[in-house]
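Visitor: Next up is a structure, given as structure tokens.
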Amino acid sequence: MKWNCISILLFITLGCSCQIKEEKTADVPIKGETKVIEISALEKQMINAGLMNVQEKEPGIIVELKYSTTDNFLNTDVYGTLENAYLQPDVLIKLQKAYQYLITKDSSLTFIIYDATRPVSVQQKMWDIVQENYPEKSKYVSNPKNGSLHSYGAAVDITIGNKKGEALDMGTPYDFFGEAAEPQLENILLANGTLTEIQIQNRKILRDVMVKAGFIQLPSEWWHYNSCSREDVKKIYKILE
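Using this note's numbering, the first residue of the sequence shown is number 925, and each one after it goes up by one.
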């Protein structure tokens, strides 16, 4: 009878230990379980419109959305929690081609995206801020009524840098509003010493791979590339409100 009691006590003790152990591990995520991350309404809007996340298709490209920070000429975060760059599927295919051209030319380089799809609602925010605080810069921000190519998912603001995310010297920062940022004036800017040969060469590397892939550079901004003309974009895509 004594041994039976001990056996019963051992059984109860072991049973409790097992139960406690099970309760402690119940909240541990199952291996391979996908963590659900809440995304912003702005990002959902882009996904629902059929746009593609650049890094999901090309992880080697770095995304550093300047308008998701205050590190921009507006000194304002207009994107909130958005951190991913989205483009139309065929525009992203062009960008992937450009990326392959780039790493074939120099495998130590990559793209750094400063802006991609920018819905009209965000363009309106930017326009309102400029009109109120920087009226002299209104020529650098497209009136939302005109339909920026960014709002169609057919434009990208981009530079090149190393794999650490350190951008090459292009002669001016991103969103620099002045002649030094204009590709159409590079020969003059080199001649008068505003730009160096290295800075122009860095721009040419970017321009060569982007144009080869089918993009069109904006003559006034070394970082801005359109996938097609304004006339064609309205025929091909729907604007993202």
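Where is the CB? At the ideal position from N, CA and C, for every residue including glycine.
(1) Across the stretch 1011-1023 and the stretch 1127-1141, are there enough close Cβ pairs to call them in contact, namely three or more that are closer than 8 Å?
(2) Rounding to the nearest angstrom, what Cα-Cα distance links A1208 and V1046 in this structure?
(3) Three or more C-beta pairs under 8 Å: does that hold for the stretch 986-997 against the stretch 1005-1016?
(4) Where does E1056 land, buried or exposed, given buried means 16+ other C-beta within 10 angstroms?
(5) Kindly list the residues whose CB is nearer than 8 Å to the CB of M1176, restricted to its own chain and excluding five residues on each side of it in sequence; keep chain order.
(6) Where are the alpha helix (DSSP H) runs, 4 residues long or more, that stay fully inside the stretch 1007-1089, in chain order?
(7) What are the start and end residues of the alpha helix (DSSP H) that includes N1150?
(8) Output needed for Y1161: all residues of its chain with C-beta closer than 8 Å, excluding positions within five of it in sequence on either side, in chain order.
(9) Since K1128 is in the alpha helix (DSSP H), which residue starts that stretch and which ends it?
(10) Quick one: grab the DSSP three-state call for I986.
(11) Can you tell me whether N1070 is buried or exposed, with buried defined as 16 or more other CB within 10 angstroms of its CB?
(12) Between the Cα of I1129 and the Cα atoms of S1072, L1033, S1066, P1097, which residue gives the shortest distance?
(13) Is DSSP giving A1091 helix, strand or coil here?
(14) On a Cα-Cα basis, can you pick out the residue from V1065, Y1098, I1084, I1037 that is closest to N996?
(15) Hey, would you say A1104 sits closer than 8 Å to L1119, going by beta carbons?
(16) What's the C-alpha gap between V1002 and G1117?
(17) Going by DSSP in three states, I1112 sits in which element: helix, strand or coil?
(18) Out of Y1038, Q1108, Q979, E1090, which one is the CA nearest neighbour of T994?
Guide: Considering the structure as presented:
(1) Judged by Cβ distances under 8 Å, the stretch 1011-1023 makes contact with the stretch 1127-1141, as three or more pairs qualify.
(2) Residue 1208 is absent from the structure shown; the chain starts at 925 and stops at 1165.
(3) They touch, by the three-pair rule.
(4) Here residue 1056 refers to the residue found at position 132 of the sequence shown. The C-beta of E1056 has fewer than 16 other C-beta atoms within 10 Å across all chains shown, which makes the residue exposed.
(5) Residue 1176 lies beyond the residue range present for the chain, which begins at 925 and ends at 1165; the question has no answer from this structure.
(6) You should have 1013-1029, 1044-1057.
(7) Position 226 of the sequence shown holds residue 1150. Unbroken run through N1150 is the beta strand (DSSP E), 1148-1150; no alpha helix (DSSP H).
(8) Taking the sequence shown and counting its residues from 1, one reaches residue 1161 at position 237. Contacts found: Q1012, Y1076, G1077, A1078.
(9) Here residue 1128 refers to the residue found at position 204 when the sequence shown is read from its first residue. 1121-1136 is the extent of the alpha helix (DSSP H) around K1128.
(10) Working through the sequence shown from its first residue, we reach residue 986 at position 62. It is a strand residue.
(11) As a first step, residue 1070 is located in the sequence shown; it is residue number 146 there, counting from the start. Per the 10 Å Cβ criterion, exposed.
(12) Here residue 1129 corresponds to residue number 205 of the sequence shown, with the count starting at 1. The shortest Cα separation from I1129 among S1072, L1033, S1066, P1097 belongs to L1033.
(13) Indexing the sequence shown from 1 puts residue 1091 at position 167. Strand.
(14) In the sequence shown, counting from the first residue as 1, residue 996 sits at position 72. Here the closest residue by C-alpha is Y1098.
(15) Locating residue 1104 in the sequence shown gives position 180, counting from the first residue. Locating residue 1119 in the sequence shown gives position 195, counting from the first residue. Yes; because the gap between Cβ atoms is below 8 Å, this pair is in contact.
(16) Numbered from its first residue, the sequence shown carries residue 1002 at position 78. Numbered from its first residue, the sequence shown carries residue 1117 at position 193. Straight-line Cα distance between these residues: approximately 36 Å.
(17) Residue mapping note: residue 1112 aligns to position 188 of the sequence shown, counting from 1. Collapsing the DSSP output to three states places I1112 in a helix.
(18) Here the question's residue 994 lines up with position 70 in the sequence shown. Residue Y1038 is the option with its Cα nearest to T994.
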